[in-house]
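Right, one structure below, let's go through it.
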Amino acid sequence: GKVISWFQGRFEWGPRALGNRSIMADPRRAEMKDTVNTKIKFREPFRPFAPVITEEAVPDYFDMDYEGKNYLARFMLTVERFKEGMGEKVPAVNHLGTGRLQSVRREWNPRYYDLIDQFRQATGIPVLINTSFNLRGEPIVNTPANALSTFGNSGIDTLVVGDYIVRK
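The structure is reproduced here in structure tokens:
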């Protein structure tokens, strides 16, 4: 039930958080969407979050031609329908039966992949909520000092910067 902020490696260029500057949480609880929206991102509670999923689990969760869209999914550029019964397993990232997914392969981002896989081993679910590591109206964090400030000014429970972990 905790929310973590994840600051790893180099800054990512583009409009999406792809695992180096992310806020992540458990997608199995529908209320987690409201928690992240209101206590962390300080935005309207109806706004959806993206599921980040291990690449090998995509065919189990999404009704899509993954081979044809794997590049889009890698960069969170496609919205796809959940397979029947799968969206209910991850209600915090299920928006009207769809999700704007990000798929992760270990070779692309080993530490991020391993985090998602550890969650899968603990819960049976290879999916996390993924949203950009920033507060409403602010840019995505770019330095450890930015990360610490955002962590301190929000309801995030844990900050991970490289190998260092800070808890409230």
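For the sequence shown, this note's numbering gives the first residue as 128, with consecutive numbering after it. Virtual Cβ for every residue (Gly too), placed ideally from N, Cα, C.
Straight-line gap, residue i to residue j (C-alpha atoms, nearest Å)
{"i": "asparagine 261", "j": "lysine 168", "result": "7 Å"}
{"i": "phenylalanine 173", "j": "serine 281", "result": "19 Å"}
{"i": "isoleucine 256", "j": "alanine 152", "result": "5 Å"}
{"i": "valine 254", "j": "glycine 214", "result": "11 Å"}
{"i": "alanine 157", "j": "phenylalanine 209", "result": "16 Å"}
{"i": "arginine 263", "j": "glycine 212", "result": "33 Å"}
{"i": "tyrosine 291", "j": "tryptophan 235", "result": "22 Å"}
Residues of its chain near residue i, where Cβ-Cβ distance is below 7 Å and the 5 sequence neighbours each way are ignored
{"i": "lysine 160", "result": "Phe176, Ala219"}
{"i": "glycine 195", "result": "none"}
Same chain, Cβ closer than 8 Å to residue i, neighbours up to 5 away in sequence not counted
{"i": "phenylalanine 138", "result": "Asn147, Arg148, Ile267, Asn269"}
{"i": "glycine 141", "result": "Phe202"}
{"i": "threonine 277", "result": "Ser132, Phe260, Asn261, Leu262, Glu265, Val268, Ile283"}
Expected contact under 8 Å - CB spacing of residue i and residue j to nearest Å
{"i": "alanine 274", "j": "valine 288", "result": "6 Å"}
{"i": "valine 217", "j": "proline 178", "result": "6 Å"}
{"i": "alanine 144", "j": "threonine 258", "result": "6 Å"}
Bridge partner(s) assigned by DSSP for residue i
{"i": "alanine 184", "result": "Beta-bridge pairing links alanine 184 to no other residue."}
{"i": "valine 288", "result": "Phe134, Tyr291"}
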